[in-house]
Amino acid sequence: MFTQLTEQFTTAMKSFNNEEQFSTAMKPFNSLVEINSKTVEQLINQQAALITTIMNDSVAQTKALSEQTDLAAAIESQKAFTEELQAKVSASAKEAYDVVTKTSEEVTNLVKDSVAEATTIAK
């Protein structure tokens, strides 16, 4: 299957008469690369922000715990910290899911538009 796809791609590339045809044919691919790059950048930034927040909160929590003299208060403080951490991680996961969902929709629309354009050109 991969061999057949490669052969079809090679044949299609040879059929271009000029640079303009090639550029037009490559436009959907370039758009796809751009969409994927933007998505990866967003996800990396979100994860970096989450990790930074977790590290800062952990340092603050460690300092607060080291100053505690009451065991019950320390346990309650740790419980609150854990719940806040869980909420932050859940929110980050939802944000990542939203980014991936939006990207999926963009790619779907890109493919639909490209197929429609190819069909029009073929006619």
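Here numbering that gives the first Met the number 0 is used: the first residue of the sequence shown is 0, the next is one more, and so on. All C-beta atoms in this analysis are idealised placements derived from N, C-alpha and C, irrespective of residue type, glycine included.
Can you round the beta-carbon distance between residue i and residue j to whole angstroms, since I take them to be within the 8 Å contact cut?
i	j	result
V99	L31	Their Cβ separation, rounded to whole angstroms, is 15 Å, which puts V99 and L31 out of contact at 8 Å.
S91	L49	4 Å
Q45	E83	The Cβ separation is near 18 Å, so there is no contact.
A73	L64	6 Å
T102	I34	6 Å
F80	Q67	Actually they are not in contact, since the Cβ atoms of F80 and Q67 sit about 12 Å apart, beyond 8 Å.
P27	S113	4 Å
Let's test the definition: count the other Cβ atoms within 10 Å of the Cβ of residue i and tell me whether it reaches 16, buried, or not, exposed.
i	result
M0	With a pLDDT of 47 at M0, under the threshold of 50, the modelled position of that residue is not reliable, and the figure given next carries that caveat. Classification of M0: exposed, given that the 10 Å Cβ count is below 16.
A115	exposed
Report the residue ranges of all alpha helix (DSSP H) runs contained in full by the segment 48-106; include only those spanning at least 4 residues, in chain order. none
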